[in-house]
Amino acid sequence: MTIRYPNGKRFETSPKSRKLPKKTNEITYSNRGMTLEEDINTTNEWYLETGKAVIHKKPTPVQIVKVDYPKRSAAVIKEAYFKQASTTDYNGVYKGRYIDFEAKETKNKTSFPLKNFHDHQVKHMKEVLSQQGICFILLRFSTTDEVYLLDATHLIQFYEQMADSRKSIRKSDVERYGHLIKIGYHPRIDYLPIVDEVYFS
Numbered sequence: 001m002t003i004r005y006p007n008g009k010r011f012e013t014s015p016k017s018r019k020l021p022k023k024t025n026e027i028t029y030s031n032r033g034m035t036l037e038e039d040i041n042t043t044n045e046w047y048l049e050t051g052k053a054v055i056h057k058k059p060t061p062v063q064i065v066k067v068d069y070p071k072r073s074a075a076v077i078k079e080a081y082f083k084q085a086s087t088t089d090y091n092g093v094y095k096g097r098y099i100d101f102e103a104k105e106t107k108n109k110t111s112f113p114l115k116n117f118h119d120h121q122v123k124h125m126k127e128v129l130s131q132q133g134i135c136f137i138l139l140r141f142s143t144t145d146e147v148y149l150l151d152a153t154h155l156i157q158f159y160e161q162m163a164d165s166r167k168s169i170r171k172s173d174v175e176r177y178g179h180l181i182k183i184g185y186h187p188r189i190d191y192l193p194i195v196d197e198v199y200f201s
């Protein structure tokens with residue numbers, strides 16, 4: 001299957017075009033990137049199973065343009081396009097309040113690049129805040145495996161300062177305005193106690 005990104009690049013997903021990765025004991029940051037999403041997903045599953053909250057990852061919008069039907073009972077997608085990027089990664093309901101957040105990580109030790117965020121995401125966060133929704137970002141510093149919850153109002157302020165040459169959020173500012181989440185085993189990233197502290201206390 002071929003997936004075309006908005007910038008025109010193609011990505012082949014057919015079995016013939018895939019190359020199996022070489023076995024290695026090295027820890028890669030790409031694997032850590034997937035782990036952040038997996039950690040949040042498993043945490044949200046635990047919240048759902050225990051009745052604490054209903055929070056899900058938003059699906060990536062895809063437009064299918066070519067489908068083959070090798071069998072009457074089966075369809076194979078041969079070509080699809082990623083539509084315009086979605087707003088934020090996660091949304092749901094907690095204690096009767098709408099909750100919406102984005103999750104990002106960086107290899108940088110002292111700052112978080114603002115290029116990881118986009119205009120449409122910031123616009124969406126403003127709209128959520130205007131409706132009294134809970135909106136924040138989860139930031140992970142990969143090298144130290146630290147995860148912070150930062151309210152969207154702070155992210156918006158930093159993002160709008162990019163016009164004044166600010167290109168990143170200093171880690172010291174994340175520590176000052178954000179809230180460190182204790183990393184555990186089950187759930188892995190237990191962010192709801194911080195949500196309680198910030199939005200319900």
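Residue numbers 1 to 201, in full-length UniProt numbering, belong to the letters of the sequence shown in order. For each residue, glycine too, the CB sits at the ideal point set by N, CA and C. The structure presented is a predicted model; accordingly, all values stated were derived computationally and were not measured.
Whether Glu105 touches Thr88 by CB criterion (9 Å)
no
Rounded to the nearest angstrom, what separates residue 209 and Phe117 at their Cα positions?
An answer regarding residue 209 cannot be provided, because it is not within the stretch 1 to 201 covered by the chain.
Contact check, Asp196 vs Tyr177, beta carbons under 9 Å:
no
May I ask you to report which of helix, strand or coil DSSP gives Arg176?
helix
I'd like to know whether the C-beta atoms of Leu192 and Tyr148 end up nearer to each other than 9 Å.
no
So, using beta-carbon positions, are Asp100 and Ile134 closer together than 9 Å?
yes
With which residues is Asn91 paired in a DSSP beta bridge?
His56 and Asp100
By Cβ distance, which residues of its chain are closer than 8 Å to Glu175, with the 5 residues on each side in sequence left out?
Tyr148
What is the DSSP secondary structure of Lys115, counted as helix, strand or coil?
helix
Rounded distance between the beta-carbons of Arg188 and Thr43, thought under 8 Å
6 Å
Own chain, CB closer than 7 Å to Lys182, minus 5 neighbours either side, in chain order
Asp190
Considering only the beta carbon of each residue, do Phe141 and Lys109 sit closer than 9 Å?
yes
Distance check for Val198 and Thr144, CA to CA, integer angstroms please.
24 Å
Proximity to Lys58 [Cα-Cα], best of Glu146, Arg166, Asn41 and Val128
Asn41
Tell me whether Thr153 sits in a helix, a strand or coil according to DSSP, three-state version.
helix
Distance, Cα to Cα, Ser201 vs Ile194?
10 Å
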